[in-house]
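Here is the structure we will look at, set down as structure tokens.
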Amino acid sequence: MQSASDRHAYPAHWEADVVLRDGGTARIRPITVDDAERLVSFYEQVSDESKYYRFFAPYPRLSAKDVHRFTHHDFVDRVGLAATVGGEFIATVRYDRIGADGMPASAPADEAEVAFLVQDAHQGRGVASALLEHIGAVARERDIRRFAAEVLPANNKMIKVFTDAGYTQKRSFEDGVVRLEFDLEPTDRSLAVQYAREQRAEARSVQRLLVPGSVAVIGAGRTPGGVGRSVLGNIRDAGFTGRLYAVNRAFPHDLKELDGVPAHRSMRDIDEQVDLAVVAVPAAYVPDVVAECGEHGVQGLVVLSAGYAESGPDGRERQRELVRQARAYGMRIIGPNAFGIINTSADVRLNASLAPEMPRPGRIGLFAQSGAIGIALLSRLHRRGGGVTGVTGVSTFVSSGNRADVSGNDVLQYWYDDPDTDVALMYLESIGNPRKFNRLARRTAAAKPLVVVQGARHGGAAPQGHAVRATRLPHATVSALLRQAGVIRVDTITELVDAGLLLARQPLPTGPRVAILGNSESLGLLTYDACLSEGLRPLPPLDLTTGASAADFHEALSHALADETCDAVVVTAIPAIGDASTGDAELAQALRSAAEQVPGKPVLVVHVELGGLAEALSAAASTAPQADRKAPGAMIRPHPFRPLDFQSVNPAEQSDTPQSPTTLIPAYPAAERAVRALAEAVNYAQWRRDAADPGKVPEYEDIDEKGAARLIGGLLARGQGLTLGTDETCDLLGKYGIDVHRALHAPTPDAAADAARTLGYPVALKATAPHLRHRADLGGVRLDLADEEQLRRAYAELSELFGRPEELRPVVQSMAPRGVDTVVRAVIDPAAGAVLSFGLAGAASQLLGDMAHRLIPVTDREATSIVRSIRTAPLLFGWRGSAPVDTPALEELLLRVSRLVDDHPEVVAVTLEPVVVATHGLSVLGASVRLAPPPARDDLGPRTLPTY
Numbered sequence: 001m002q003s004a005s006d007r008h009a010y011p012a013h014w015e016a017d018v019v020l021r022d023g024g025t026a027r028i029r030p031i032t033v034d035d036a037e038r039l040v041s042f043y044e045q046v047s048d049e050s051k052y053y054r055f056f057a058p059y060p061r062l063s064a065k066d067v068h069r070f071t072h073h074d075f076v077d078r079v080g081l082a083a084t085v086g087g088e089f090i091a092t093v094r095y096d097r098i099g100a101d102g103m104p105a106s107a108p109a110d111e112a113e114v115a116f117l118v119q120d121a122h123q124g125r126g127v128a129s130a131l132l133e134h135i136g137a138v139a140r141e142r143d144i145r146r147f148a149a150e151v152l153p154a155n156n157k158m159i160k161v162f163t164d165a166g167y168t169q170k171r172s173f174e175d176g177v178v179r180l181e182f183d184l185e186p187t188d189r190s191l192a193v194q195y196a197r198e199q200r201a202e203a204r205s206v207q208r209l210l211v212p213g214s215v216a217v218i219g220a221g222r223t224p225g226g227v228g229r230s231v232l233g234n235i236r237d238a239g240f241t242g243r244l245y246a247v248n249r250a251f252p253h254d255l256k257e258l259d260g261v262p263a264h265r266s267m268r269d270i271d272e273q274v275d276l277a278v279v280a281v282p283a284a285y286v287p288d289v290v291a292e293c294g295e296h297g298v299q300g301l302v303v304l305s306a307g308y309a310e311s312g313p314d315g316r317e318r319q320r321e322l323v324r325q326a327r328a329y330g331m332r333i334i335g336p337n338a339f340g341i342i343n344t345s346a347d348v349r350l351n352a353s354l355a356p357e358m359p360r361p362g363r364i365g366l367f368a369q370s371g372a373i374g375i376a377l378l379s380r381l382h383r384r385g386g387g388v389t390g391v392t393g394v395s396t397f398v399s400s401g402n403r404a405d406v407s408g409n410d411v412l413q414y415w416y417d418d419p420d421t422d423v424a425l426m427y428l429e430s431i432g433n434p435r436k437f438n439r440l441a442r443r444t445a446a447a448k449p450l451v452v453v454q455g456a457r458h459g460g461a462a463p464q465g466h467a468v469r470a471t472r473l474p475h476a477t478v479s480a481l482l483r484q485a486g487v488i489r490v491d492t493i494t495e496l497v498d499a500g501l502l503l504a505r506q507p508l509p510t511g512p513r514v515a516i517l518g519n520s521e522s523l524g525l526l527t528y529d530a531c532l533s534e535g536l537r538p539l540p541p542l543d544l545t546t547g548a549s550a551a552d553f554h555e556a557l558s559h560a561l562a563d564e565t566c567d568a569v570v571v572t573a574i575p576a577i578g579d580a581s582t583g584d585a586e587l588a589q590a591l592r593s594a595a596e597q598v599p600g601k602p603v604l605v606v607h608v609e610l611g612g613l614a615e616a617l618s619a620a621a622s623t624a625p626q627a628d629r630k631a632p633g634a635m636i637r638p639h640p641f642r643p644l645d646f647q648s649v650n651p652a653e654q655s656d657t658p659q660s661p662t663t664l665i666p667a668y669p670a671a672e673r674a675v676r677a678l679a680e681a682v683n684y685a686q687w688r689r690d691a692a693d694p695g696k697v698p699e700y701e702d703i704d705e706k707g708a709a710r711l712i713g714g715l716l717a718r719g720q721g722l723t724l725g726t727d728e729t730c731d732l733l734g735k736y737g738i739d740v741h742r743a744l745h746a747p748t749p750d751a752a753a754d755a756a757r758t759l760g761y762p763v764a765l766k767a768t769a770p771h772l773r774h775r776a777d778l779g780g781v782r783l784d785l786a787d788e789e790q791l792r793r794a795y796a797e798l799s800e801l802f803g804r805p806e807e808l809r810p811v812v813q814s815m816a817p818r819g820v821d822t823v824v825r826a827v828i829d830p831a832a833g834a835v836l837s838f839g840l841a842g843a844a845s846q847l848l849g850d851m852a853h854r855l856i857p858v859t860d861r862e863a864t865s866i867v868r869s870i871r872t873a874p875l876l877f878g879w880r881g882s883a884p885v886d887t888p889a890l891e892e893l894l895l896r897v898s899r900l901v902d903d904h905p906e907v908v909a910v911t912l913e914p915v916v917v918a919t920h921g922l923s924v925l926g927a928s929v930r931l932a933p934p935p936a937r938d939d940l941g942p943r944t945l946p947t948y
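Below is the structure:
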């Protein structure tokens, strides 16, 4: 090993797992003296051309001196990183710090030469790009601000690695060599490049799991029953289009097939490539299985086995080792303790799950961390999608179990550009990386609806098996931040399915105006009330009477859809009675026909006990086989005892073409459910329109960013974290144009009188003790004290009521113009990031929780929306004849606080309370600021897979 004189301490935090361009994984780590043999072996597998490009001359082998140089690093001025798969090097990168003369140097020199070497078999996988991100982060940590690289002109691949990275760079050509110099400070373009590469790589890694060419089920038993045997049967019965193998070390040597599937005792016995392995063996045997799969070149694992983190500390360590082992071989894992995965595409037809039958193909993607909820989701979509509201099926389904590796973030990356998925539904019990989820959700929601229900939100802890980052934010705040990112947040599985069916079948509404028509006046009125409750703007219901025919419905719906004062239509229907009554199929056809003639507006049906109508509304587009050809709309009832009662779908009968474009109209058994789904669609559509023009973060000429940085640096030199005093708080906020009304301490009546003379009458006298601060309702504040006599009398009253001055901590402050008391807060949460909050001061925010939240940095449009999004906002805009207050000044204050926290992450908490907003201007009467070393921001660092 290297001695302490050779190097600094081994930087274990530089180790990371990354996803490469093709979806495989590699491990990046520092190179040490123990890697000499690995380095020599790696170099022997590099082509002569690649060696020439690296050393600018023929260089067939490394000398002992070379090996020593490339394995001995001080991890400051000389650093080497390697990308490894299966413990062996596939690529290396190193930097050497240099001075202005180009010679080796130490700090404060801030430039370094960088060089790469990638094994030919792994070129084109994005290894060099990943290594550049990581070596760049290491260099910034060691105060290196600029890289220089010399490349032969013919080495186009390496030149492209540097030029595509997005850094600010300079190129020159001298002595037959291209010299590239680039700054390492992340830019908007470099982050965009990094995020785009991350999306492609992670999407590809999930695609390798969901679209395999071959699958092996490891642990398929010889006797019927058991998890492995069940999954093997499910894959076979679904009509999987690839090769399928059964693997079990307990198989007799002469067993060649199991249920018509080729059987093998070991993965080593399979001659062909296996893309996906479904592991259903006891946890104790899983490591051997993973090793076999890795050596065979398997691309991914679905681990159904239990006995991991959900079982306690020993299981958690077993889970960590499982992930380390799989990633070492370049494999990703769904699970452990997973329910499985499904892909209904006609080109794949994969049901590698415990669901006994394949769900209907459709346009909805499902992700569930819980197997039980996954079952419920699939079952409800089946019954609602084909049994109650017509055919809307599933594109892909992932149940991640303990989500030790593949998470909801990865699946979002896949769904983002998956042409087979129009709507994403997610059940989450925990969010491992909220900051990244928020970023991915915002991008996904801009392209397709994302509906989320979060379980365990009031439990105070993550479910067993889930390792998550601690957050201090209440659930309501997290929910508000998700909505800001465009996520459609619902509270129940029922609402999840209700919203998903509407969004998968109907266009987005262009506004909140709703037409209501139907053959029941009472049901129409219930729908009208529900619309008002959800903040929609319903038009008066149109009662067609119980005698309405299908033609009457068609005419009324056509007229409503053509009406420019209407953005959506809710049709209410009750069963008709009598021989001449309209049949379900006839009514459904009338509604579909009208909707197709005037497209562009969503149509929903509220029905009462109309199973036949619900089926008929989308029967024409059904891809499910019919039990018989009886009356139109005949309903196939689900079996009452099976948890998942999917109708059998013969693969040979499934169409390889997309579903019929016939309009699918969602139907709901209750008005409030239909209207709630519609309200979510209206809000989401408005978010899409707003997201197209998110606004900008304004610049203010009076902001002294450098002065604030110097002040913060000097203050933090005193300690790791501190709450600033009054003068320091005012000084720091003043550098961002935020003026705080001075409050002078008044430990005695005489001191109070002196303070008042300094400030000038009239003044306010306040008790600032923790139990009285911001509690004017307790009587700890006296306002409009016009002279010294009133001041001394008020001082005596407070002392008599609440105790001695040292307990009261009284202060004197000049009076501010009357207005509305508000509160502005900003906090840096270790999981979610920097959050800006706003509300009215007092009971509105403290008792009712009426606060609005936005992620920092806040744009001008977001500042406008946050002021208007609290329930008590009317008090700011002239409620009941009061004078409107200066909301533009309030919005500017919010933007300045946002800038302060965004520019200086050491400012971990800011509270301005109260902020009195008057008709002209505002007054900040109280302020507190807390400083601390900023929490690490992995979203600005290199791409890396999480470790739990």
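Read in order, the letters of the sequence shown are residues 1 to 948 in UniProt numbering.
Each residue gets a CB set at the ideal place from its N, CA and C atoms; glycine is no exception.
field: Unbroken beta strand (DSSP E) run spanning G233, endpoints
entry: Run containing G233: none in the beta strand (DSSP E); it sits in the alpha helix (DSSP H), 227–237.
message: Whole angstroms are fine: how far does the CA of A238 sit from the CA of N650?
response: With a pLDDT of 36 at N650, under the threshold of 50, the modelled position of this residue cannot be trusted; read the value that follows with caution. When rounded, the separation of the alpha-carbon atoms in N650 and A238 is 8 Å.
message: Strictly by DSSP, which residues pair up with N433?
response: Answer is none; N433 lacks a bridge partner.
- request: Rank L847, L848, G401, S865 by C-alpha distance to the C-alpha of L855 and give the top, closest one.
  value: Taking each of L847, L848, G401, S865 in turn and checking the Cα distance to L855, the smallest one comes out for S865.
query: Which same chain residues, not among the five before or five after A932, have their C-beta less than 7 Å away from its C-beta?
result: Closer than 7 Å at the Cβ level, and outside the excluded window around A932, lie Q720, G721, E906, V908.
query: Roughly how many angstroms lie between the CA atoms of P747 and V811, to the nearest whole one?
result: Cα-Cα distance, rounded: 8 Å.
task: Taking Y795 and P749 to be in contact with their CB atoms under 8 Å, please state how far apart those CB atoms are, rounded to whole angstroms.
output: 5 Å
Whole runs of the beta strand (DSSP E) within the region 476–510, excluding any shorter than 3 residues: 488–490
query: Among A100, V286, I488, A291, which has the Cα closest to the Cα of G315?
result: V286
task: Kindly indicate which residue of V606, M851, A530, A667 has the alpha-carbon position closest to the one of R505.
output: Ranking V606, M851, A530, A667 by CA distance to the CA of R505 puts A667 first.
field: alpha helix (DSSP H) segment containing I866, residue limits
entry: 860–868
field: Close beta carbons around V161, own chain, < 8 Å, minus the five adjacent residues each side
entry: F116, A128, S129, L132
- request: With DSSP collapsed to three states, give me the class of residue 962.
  value: Nothing about residue 962 can be reported from this structure: the residues present for the chain run from 1 to 948 only.
- request: Grab the span of the alpha helix (DSSP H) containing I373 for me, first residue to last.
  value: 371–382
message: Using 8 Å as the threshold, is the C-beta distance between L322 and G300 below it?
response: It is not a contact, given that the beta carbons lie outside the stated cut-off.
task: Inspect the beta-carbon positions of A476 and V490 and report whether they are closer than 8 Å.
output: no
task: Quickly, what does DSSP pair S106 with across the bridge? List them, please.
output: Paired residues: none, contrary to the question.
field: Option in R825, L587, H554, P512 with minimal Cα separation from T565
entry: Checked all of R825, L587, H554, P512; the closest Cα to T565 is P512.
task: Could you pull out every residue in the same chain whose Cβ sits closer than 8 Å to the Cβ of D784, ignoring the five residues on either side in sequence?
output: Counting only Cβ-Cβ distances below 8 Å, and skipping sequence neighbours, we find P762, A764, M815.
- prompt: Taking just the CA atoms, how far does E521 sit from F550?
  reply: Just to set this straight, residue 550 is Ala in the shown sequence, not Phe. Near 17 Å, if we compare the C-alpha coordinates of E521 and A550.
- request: For my contact list, A283 and N248 are in at a C-beta cut-off of 8 Å; report their separation, rounded to the angstrom.
  value: Between N248 and A283 the Cβ distance is about 16 Å, and since that is not below 8 Å, they are no contact.
P224, DSSP secondary structure in three states: coil
message: Check whether the region 251–259 and the region 364–375 touch, using three or more Cβ-Cβ pairs below 8 Å as the test.
response: Touching, no.
query: Are the region 119–126 and the region 140–153 touching, with three or more C-beta to C-beta distances below 8 Å?
result: no
Residue closest to V697, alpha-carbon to alpha-carbon, out of V897, G713, G714: V897
task: Note down the Cα distance separating R222 from P419, rounded to an integer number of angstroms.
output: 39 Å
task: From the DSSP output, read off the bridge partner residues of Y245.
output: A216
- request: Can you tell me which of the three DSSP states T545 falls into?
  value: coil
- request: Output the distance between the C-alpha atoms of Q319 and E310, rounded to the nearest integer angstrom.
  value: 9 Å
- prompt: Can you find at least 3 beta carbon pairs, one from the region 199–218 and one from the region 17–36, that sit closer than 8 Å?
  reply: yes
query: When the distance is taken between beta carbons, is V603 closer than 8 Å to A595?
result: Yes, they are a contact pair.
message: My output table needs one value for Q654: the three-state DSSP class, helix, strand or coil.
response: Any reading at Q654 needs caution, since the residue's pLDDT is 40, under 50, leaving its predicted position unreliable; the model's value is listed next. Coil.
- request: Whole angstroms is fine: what's the gap from P11's alpha carbon to P30's?
  value: 8 Å
- request: Measure from the C-beta of R943 to each C-beta in chain C and report whether the shortest distance is under 8 Å.
  value: Judged by its chain identifiers, the structure shown contains no chain C, having just a single protein chain.
field: Three-state secondary structure assigned by DSSP to P914
entry: P914: strand per DSSP, three-state reduction.
query: Should S395 and I364 be called a contact, given that it needs their Cβ atoms to be closer than 8 Å?
result: In this structure, I364 lies closer than 8 Å to S395 by Cβ.
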